[in-house]
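A quick write-up on the structure given underneath.
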Amino acid sequence: MRLTTKGRYAVTAMLDLAIHNDQGPISLADISGRQGISLSYLEQLFARLRKRGLVLSTRGPGGGYTLSRPPSELAIADVISAVDEKVDTTRCGGTVDCQNNERCLTHDLWSDLSRQIYDFLANITLGDVMKRNGVQEVAARQDRAMGGQPVSISRASVAPVSAASESVE
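Residue numbers for the sequence shown, in the numbering used here: 1 to 169.
In structure tokens:
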């Protein structure tokens, strides 16, 4: 599967933003410090996330980013797609020219797997991931390491997820 650092970092940064979303705009420097992702890389990712309408930016002192929707309405697949990442397990990248410019023997198998992975990620939201105990423990540890108070992820900030998530192009 070709999910690169770009997709993983975008999901990580968006999850960090979701966890701290009730604190007002969050600076990329704060996310960078907690997650160990370079500030310049985050700036590139958040430009794409903002362009796709997943985050809102606030300029000036106290500025930063907030989620455009509740975490329970932001699917992981939306985040990955927003940074132009593809979930693709085929050798040819979906162009169907895997072997001597023609379809390979296992193209449909890998294409089906890619679709299953995408569907899986389309049905998991940032809110779903926030509910996981391991995520809450890590977030608290990161906040302590940054000299802040550990965040408390309330069930109110993680609304129930609907049966179907919106799909991404």
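All residues carry an ideal CB built from backbone N, CA and C; glycine is no exception.
Since the structure is predicted, the reported quantities are computational estimates derived from the model, not experimental observations.
Spatial neighbours of Phe-46 in its own chain (CB-CB distance under 7 Å, excluding positions within 5 residues in sequence) are listed in chain order as Leu-28, Val-55, Tyr-65. Taking C-beta separations shorter than 7 Å and ignoring five residues to either side along the sequence, the partners of Val-96 in its chain run Arg-103, His-107, following chain order. Looking at the backbone, the Cα of Arg-69 and that of Glu-85 are separated by about 21 Å. Beta-bridge partners assigned by DSSP to Glu-102: Gln-99. Apart from the 5 residues on each side of it in sequence, Gly-134 has no Cβ closer than 6 Å to any other Cβ in its chain. Look at Gly-64 here: in three-state DSSP terms it is strand. Counting other Cβ atoms within 10 Å of its Cβ, Arg-8 stays below 16 and is therefore classed as exposed.
Where Ser-32 is concerned, there is no enclosing beta strand (DSSP E), although the alpha helix (DSSP H) around it starts and stops at 28 to 35. Per the C-alpha coordinates, the member of Asp-88, Ile-31, Ile-124 positioned closest to Ala-77 is Ile-124. In terms of CA proximity to Gly-53, Ser-81 leads the group Ser-81, Tyr-118, Asp-30.
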